[in-house]
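Please read the structure below before turning to the comments.
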Amino acid sequence: MRVMGIDIEPGQSPSSSRTPSYSIVVVNDKGEIEYKAEAVPLTRILRLAWELRPGKLAVDNIYELAAEEKKLVKILSLFPDRLEVVQVTYVNGTFKDIRDVAREAGIEVQGKPTPIKTAYLAAVLALKGIGTPIKIKENKTKIIISRGRAIGPGGMSSNRYKRNLRGLILRVAKRIKEELDSHGFDYDYSIKRSKAGIERAVFTVYSPRESLYGIVRKMKGHDLRVEIKPVYKSKIEFGDAKKEAKPLIVGIDPGIEVGISIIDLHGNPLLLISRRNIDREDIIDIVRKHGKPILIATDVTPVPDTVKKIASTLNSKLFVPDRRLGMDEKMLMVDKYSTQYGIKIDDPHVRDSLAAALKAYYEISHKLNHARGLLRRMDIEVDEDKVLECVIGGKTINECIEKEIEKEIEDNESERQPQFSAVSHNTDNNNQIESLQEENIQLKREIDKLRRKIRDLAFQNTLLQKRIDEIKMMYNKELQKERKIYELKLEIENYIKSLNSLKEQLENEKIENKELLSIIEGLAASKLTVVKVSDLPSYLQINTSEKKIILLGEEVNNSLVKLFLADSIIIERDLIKDIETLYREKIIAESENLDLRRLLDDYRRSRFRTK
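Here it is as structure tokens:
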């Protein structure tokens, strides 16, 4: 494996308006120099990286490539996909001088090294596995299937070509899906559809780009294009960076626009956002930045697959409501919470995700409060968050408290053991040994005392739990009443809607009856007449099912016919004569080479507008 080491030249800066230059050294797997150069621009470094294909790029300061993170991520994305970027001066979470790192690796360095020497040291140290990898890529890859060129307007052949092209996109998408399924990849799949078919398909595969080599291939043709792109982070991360984990309850409203609500174990809001077109890994990254999720919740049942997979990846317990949360219930919870914390929530996705988180929190809050109360009464120093996390995990409060006490005892004993061991080797310190033994006895007595206290509290807990169950039964009865009232309200609303619909239908029927009565009166007064469609002249064509009238080859307003029957029509008695007159005028007009359209328009204006 080759390793490329680089170092910026003296007096150069990536934030300068002038392009910086670098010293570069490439070593083989034996540490022998294969290539070296000075005053090399970044563009040549990129070209050499693609030509020589080193396995690692070693630097002593990653920000020598670019001063801003956004630009740095862009530059690193231009290197080959399989290239690992390593900062050799960041070791075990600590930044060190490259000379100190070299000495620890057994390499003597005299004085301040030149840029070419620094580049060499960086390459050799990275070859030895020293340093920390720079993480710029997410653990996911995008596969984008789209047409190779834009489709312009055209005739029937163009439409046929469009259909064939969309069919091709569909076939390729199906083939890639089969390959991913057969190799067991976890992925999300989205498509852009039109009336004619699929325009574009995107797979988000939750694996690095390297895992897809030989399975899915890039394609760039005249008609079709398949792109495979690793997804890059928005910020630089070191491979061993760690964050403190604070226990969280997370509500998720999945969809095209995802709602994410994060609260702590006291119910305090930590994050209330919605994001459009983000995938599972993006959601997981957002959550992990705020701590350790121990409960993932959603407001619907059955739980969506996306939420299940997120909970599984985060190793979190999944809260499943016993029923889908109603709109009124969610609004009530969120409004009360918003007032309590002085926040405003207008986004429906945030509202739904927050309602899910609050529902989960309210379900376990009495247990959490009970556990906190026990800890305060016992007045012992244990990690409260660990106890609460254990309780949410499903264990009893007593088991969780005892578990944390055991940890504290083990920690204390491990701290004291070296002191006792050191003393035991000194025969002159018998008094100190006796003192430690006496202290040990006192600690054991204190442990026994605490255990008795736990048993007493456990008994009190049992009594309180019975009382809680009784209160719950009363509360459930009230809740059932409220639910019944809510259901009856919905039923009444449905009846009102049905009644309004029937009223509207009745009004329409009244209008129809009035029109029919007018037609009957017209027939009785001989103002209207019934004519069979088959008896009409050829220049007057009527389609009774579609209520269309074609007069002299042109469609006219169907209001000329008072009523369409199965094979007959009802019209004004004089209308047939008027149409015959119009037809004769048309014949005369054609013989005199007159403008028929103008004649028809004039006649319509003079005749039909008066009707």
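Residue numbers 1 to 611, in full-length UniProt numbering, belong to the letters of the sequence shown in order. Even for Gly, the Cβ is constructed at its ideal location relative to N, Cα and C. Nothing here was measured: the structure is a model prediction, and the numbers come from that model.
Top-ranked residue by Cα proximity to residue i, from the options
| i | options | result |
| --- | --- | --- |
| K70 | D100, K367 and S234 | S234 |
| I6 | E68, A458 and Y120 | Y120 |
| N268 | S21, L314, E199 and Q340 | Q340 |
| G131 | V382, K309, F238 and D188 | F238 |
| V40 | P54, L65, G31 and S17 | L65 |
| A173 | S211, V216 and P208 | V216 |
| S190 | L502, Y495, I143 and S353 | I143 |
| S338 | G326, R351 and L450 | R351 |
| G214 | L180, G393, P54 and P304 | L180 |
| F185 | L506, E210, L72 and E491 | E210 |
| V387 | L168, G393, C400 and K395 | C400 |
| Y187 | P247, D305 and Y362 | D305 |
Which residues DSSP lists as bridging residue i, in chain order
| i | result |
| --- | --- |
| V86 | A58 and P133 |
| L318 | I296 |
| S568 | K532 |
| P254 | Answer is none; P254 lacks a bridge partner. |
| D188 | T204 |
| K514 | None; K514 has no bridge partner. |
| A37 | I24 |
| M4 | V26 and L57 |
| L165 | L165 is not bridged to any residue. |
| K220 | R225 |
| L540 | L551 |
Supposed close pair residue i, residue j - CB separation, criterion 8 Å
| i | j | result |
| --- | --- | --- |
| V59 | A122 | 6 Å |
| V101 | A126 | So it is not a contact: roughly 11 Å between Cβ atoms. |
| E281 | K177 | Not really, about 19 Å apart at Cβ, beyond 8 Å. |
| P115 | P10 | 7 Å |
| I310 | I283 | 6 Å |
Neighbour-count burial assignment, residue i, 16 or more Cβ in a 10 Å radius
| i | result |
| --- | --- |
| R276 | exposed |
| S316 | buried |
| F95 | exposed |
| R82 | exposed |
| N476 | exposed |
| P80 | exposed |
| M1 | exposed |
| H349 | buried |
| N461 | buried |
| S261 | buried |
| P293 | buried |
| T581 | exposed |
| T204 | buried |
| residue 612 | The question about residue 612 has no answer, for the chain in this structure spans 1 to 611. |
| Q417 | Low confidence applies to Q417: its pLDDT is 48, below 50, so where it sits in the model is not reliable enough to give any reading. |
| A241 | The predicted model places A241 with a pLDDT of 49, which falls under 50 and marks its position as unreliable, so this point remains unresolved. |
| I588 | exposed |
| I33 | exposed |
| E389 | buried |
| E439 | exposed |
| E138 | buried |
Close-in-space but distant-in-sequence residues of the same chain around residue i (CB under 6 Å, 5 per side omitted)
| i | result |
| --- | --- |
| A297 | G251, F319, A356, A357 and A360 |
| S77 | Y232 |
| I278 | V258 |
| V556 | I549 |
| V202 | I144 and S190 |
Residue i Cβ short of 6 Å to the ligand NAP heavy atom set
| i | result |
| --- | --- |
| Y486 | By its list of ligands, the structure shown contains no ligand whatsoever, and the ligand NAP lies outside what it can speak to. |
Cutoff 8 Å; reference residue i; Cβ partners in own chain excluding five residues on either side
| i | result |
| --- | --- |
| V307 | I252, P254, I296, T298 and L318 |
| R103 | V109 |
| E164 | Per the sequence shown, residue 164 should be read as Asn rather than Glu. Excluding sequence neighbours, N164 sits near nothing in its chain. |
| L42 | T19, P20, Y22, L65 and I75 |
| D567 | K532, V533, S534 and T544 |
Contact set for residue i: own chain, Cβ-Cβ below 7 Å, skip 5 residues either direction
| i | result |
| --- | --- |
| N558 | K547, K548 and I549 |
| K128 | A105 |
| D383 | E404 |
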